Structures are given as C-alpha cells and as structure tokens.
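Chemist:
Numbering (the numbering used here), first residue to last: 7 to 237.
The structure is reproduced here in structure tokens:
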C-alpha cells in the first residue's frame, strides 16, 4: 500500500477513535470492563480520555507528515507508529492474562490489528531517495504539462493557481520564461527555503535539481521551462 494512503487511513482512524474515547469514556470503559462503581468510574474515564488524546495526537502527526520530502522518512514514521500500536495491543492482551479483565475486548483487537498490518505492509520496502523518479510532469501533472519534446529539449508549461503548492519534484537544467508576474517560495530537500519574486517577460536559468515550489501570491502565475535532455 502507498505510504501516503496508509498515513491517511491510520491518521483518520486514530483521530476518530480518540474522539470517541473522549466523548463517551464511561460507555467505552463499560464495554470492556463492565459497570464500574464509585470514584473508580471517574478515574477510569479520565484515563480513557487521556488515551484518546494520545490517539488524536498520533493521528495528527501522521496526517501532517503525509508529504514528507523523503519517502523513507514517511516509511520510518509509519513503522514507528506500528511498533507503538503493537506495544499497546500487547498490553491489552497481557491485561487479560494478568486477570485485570475477564475477557479480551474484540474491537481494539480488530482495529489496532488492522492498523498494525497497514503500518508494517506499507513500510517494508525502503527506497533510495536519490533513485526515485521525481519528474515534475509525473508527480504533479496538475501544474506541469509537456508542450513539446524531442531528443534535445523538453518544453514544460507550468501553471499555478493562487496560493497553490506542488510536491517535491526534480528538473534537469534549462531556461525559464515567466509569462506572468508572481511571488513564490522554494523549499529544498534539506529544509532550506528561498522566496522569489518575478515579473512577466523575465528570462532566466534553472540549474535543475529537487525542490518544492509554492505560489505565495493571490494570483495565478504561468511560465515555460525548457529543459535540456541529459546526454
């Protein structure tokens, strides 16, 4: 399974579980332990909401890191979450054998077990980031379209709507012609960021390499990139 999709599924499920734990902690506990009497009910409910908050936090971390620059970093994060969920699931099972519960609750076994399978299945193959094909027209066809190509050059039309952002991609060196005014921000794999401002009609040189562009203006902008083919 694609790592980004895995992170979306796992993050969403964890957030939903966390919200339910916080909205109905008493009923949640009763479904596992049965009726809890006295102050113990409140203590158990407080613990349940704390666990729910932790799940929400884990889910948010997964969703916010879906577009990490290096896919290996995403896989490592998913694998780490899988380990954490495995430990939590094992603790539930041990609770039964230590006589803390009179049965093993089925819902967490099914839900957590499924998330663990997703985590490990999507993080089992780690690739070399430098060998991944990050051709802009393939990874971001919404903003990059090939207009002309031969064995020497490739002309790419680039269009960004207001405040639109791309994904990490790569270009070969080439010339660039800006067709509109614009402002943008360029983020590189090492975390560096550069703000750019350009005017319509400006001609420049694109050295090539990996980057993540973002249109930081409230207007659309368009340019033509003439990439040189590698010999």
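Cβ coordinates follow ideal geometry from the N, Cα and C atoms, glycine included.
Keep in mind the model is a prediction, meaning the values are calculated, not measured.
Can you check which of these residues, 209, 125 and 218, is closest to residue 171 by C-alpha distance?
Modeler: Among 209, 125 and 218, the Cα nearest to that of residue 171 belongs to 218.
Chemist: What do you reckon, are the CB atoms on residue 206 and residue 187 nearer than 8 Å?
Modeler: Yes.
Chemist: Out of 87, 40 and 128, state which residue places its alpha-carbon closest to the alpha-carbon of residue 60.
Modeler: Of 87, 40 and 128, the residue nearest in Cα terms is 87.
Chemist: Taking a contact to mean a Cβ-Cβ separation below 8 Å, would you say residue 91 touches residue 62 in this structure?
Modeler: No; because the gap between Cβ atoms is not below 8 Å, this pair is not in contact.
Chemist: With residue 212 as the anchor, note down where its alpha helix (DSSP H) starts and where it stops.
Modeler: Counting along the chain, residue 212 falls outside any alpha helix (DSSP H), though it belongs to the beta strand (DSSP E) covering 209-212.
Chemist: Among the residues of its own chain, which have a CB less than 6 Å from the CB of residue 23, if the five just before and after it don't count?
Modeler: Only 61 meet the Cβ criterion.
Chemist: Which residue from 35, 42 and 146 puts its Cα closest to that of residue 55?
Modeler: Of the listed residues, the one whose Cα sits closest to residue 55 is 35.
Chemist: For residue 143, does the three-state DSSP call read helix, strand or coil?
Modeler: Looking at residue 143 - three-state DSSP - the assignment turns out to be helix.
Chemist: Return the bridge partner residues of residue 150 from the DSSP annotation.
Modeler: Its beta-bridge partners are 164.
Chemist: How about the region 226-235 and the region 160-170: do they share at least three Cβ pairs that are nearer than 8 Å?
Modeler: As far as the Cβ criterion goes, the region 226-235 touches the region 160-170, which means the pair count is three or higher.
Chemist: Does the beta-carbon of residue 18 have 16 or more other beta-carbons within 10 angstroms, so that it is buried, or is it exposed?
Modeler: Exposed, by the Cβ-count rule.
Chemist: Answer with buried or exposed for residue 156, where buried requires no fewer than 16 other C-beta atoms within 10 angstroms of its C-beta.
Modeler: When all chains shown are included, residue 156 counts as exposed.
Chemist: Could you spell out the range, first to last residue, of the beta strand (DSSP E) harbouring residue 189?
Modeler: Start and end: 188-193.
Chemist: Answer yes or no: do residue 82 and residue 12 have a C-beta to C-beta separation smaller than 8 Å?
Modeler: Their beta carbons are not under 8 Å apart, which means residue 82 does not touch residue 12 by this criterion.
Chemist: Looking at the structure shown, is residue 43 part of a helix, part of a strand, or coil, going by DSSP?
Modeler: In this structure, residue 43 counts as coil in the three-state DSSP scheme.
Chemist: On the DSSP bridge assignment, give the partners of residue 220 in chain order.
Modeler: In the DSSP output, where bridge partners are listed per residue, residue 220 has 171 and 191.
Chemist: For residue 194, which residues from the same chain have a beta carbon less than 6 Å from its beta carbon, with the 5 sequence-adjacent residues on both sides left out?
Modeler: Once the five neighbours on either side are set aside, the close Cβ partners of residue 194 are 217.
Chemist: For residue 29, report the span of its alpha helix (DSSP H) as first-last.
Modeler: That run of the alpha helix (DSSP H) goes 9-29.
Chemist: Measure the CB-CB distance between residue 64 and residue 20 and report whether it falls below 8 Å.
Modeler: Yes; because the gap between Cβ atoms is below 8 Å, this pair is in contact.
Chemist: Anyone know if the C-beta pair for residue 178 and residue 214 falls short of 8 Å?
Modeler: Yes; because the gap between Cβ atoms is below 8 Å, this pair is in contact.
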